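First up is the structure itself, then whatever we jot down about it.
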Amino acid sequence: MLLKAIWGVYHADGGIVGELRYVFGKLRGTAHCALCDITHSYVSEKKSMKECRSSSPVPFHLVHLNEQSEGLQSITEGVTPCVVVETDEGFQVILQSDELEECEKKVELFQQKLDLALEPFTIN
């Protein structure tokens, strides 16, 4: 399968309301997103994550629940946070929430898991 793009899907809505809801939920212990923990420090995307995405051989997008296309949403519903590949044959989840938790908020561990998960795909 030919790899076209990588999509990281957060377990949170985007926008001001979504971001505030997540922050307050995180403070109360009612909201958690392992992908958010990997990609972001307190206020912004980690430098190491920016480097990870910019070194990707294909576009690497990070999106919130309410920012997904219908096609992406149809495969991620109920399984976020996750990482999905878009190929010439459609979308496929390659990293699930438990695998993201195993990264212990570290971009380096995430990169290792991502590289391994991408091995079966052809990159043009």
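Read in my numbering, the sequence shown has 365 at position 121, and its numbers run on one by one without any break. Note that CB positions come from ideal geometry on N, CA and C, so glycine has one too. Source: prediction; values computed, not measured.
From which residue to which residue does the alpha helix (DSSP H) around Gly262 run? 259–272
Could you check where the beta strand (DSSP E) with Thr331 kicks off and where it finishes? 326–331
*asked:* Taking only three categories from DSSP, how would you classify Glu345?
replied: helix
key: Reduced DSSP secondary structure (H/G/I, E/B, other) of Lys350   = coil
**Q.** Close beta carbons around Leu246, own chain, < 7 angstroms, minus the five adjacent residues each side
**A.** Thr331, Asp332, Thr366, Asn368
Inset, instruction - With DSSP collapsed to three states, give me the class of Ala256. - result: coil
| task | Pull up the distance between the alpha-carbon of Ala249 and that of Val329, whole angstroms please. | result | 6 angstroms
Starting from Gln336, trace the alpha helix (DSSP H) both ways and give me its first and last residue.
It is not in any alpha helix (DSSP H) - Gln336 instead sits in the beta strand (DSSP E) that spans 334–339.
Residues of its chain near Pro303, where Cβ-Cβ distance is below 6 angstroms and the 5 sequence neighbours each way are ignored = Ala249
Per-residue DSSP class, three states only, for Glu363: coil
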